[in-house]
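Per the working numbering: the sequence shown ends with 436, consecutive numbering throughout. To keep things clear, I will list the structure first and then write my remarks on it.
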Amino acid sequence: MIIWIILDIINGKLRGCNSSFISIPGLCSASVVGLVVVTPAAGFIQPSYALLMGFIGGLIVYSFLA
Numbered sequence: 371m372i373i374w375i376i377l378d379i380i381n382g383k384l385r386g387c388n389s390s391f392i393s394i395p396g397l398c399s400a401s402v403v404g405l406v407v408v409t410p411a412a413g414f415i416q417p418s419y420a421l422l423m424g425f426i427g428g429l430i431v432y433s434f435l436a
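This is the structure:
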């Protein structure tokens, strides 16, 4: 979810918005993406790898939706 917020802020700055815009549907999407990415491997990976997987999954899905 944190990477999604950061990408929303960066994307808003690139579009020329004066204020950072964080959308509620975007945050909901980020939560679902994080759960979907980590759930299959939850019993087999360490928490640090779960964060890394969520980060990478968030980048991929955000780039597809942007």
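From the three backbone atoms N, C-alpha and C, an ideal C-beta is built for every residue, glycine too.
- Apart from the 5 residues on each side of it in sequence, Gly427 sits with its Cβ closer than 6 Å to the Cβ of Val403, Val407 in its chain, given in chain order.
- Counting other Cβ atoms within 10 Å of its Cβ, Gly424 reaches 16 or more and is therefore classed as buried.
- Rounded to the nearest whole angstrom, the CA to CA distance from Pro410 to Ala420 is 11 Å.
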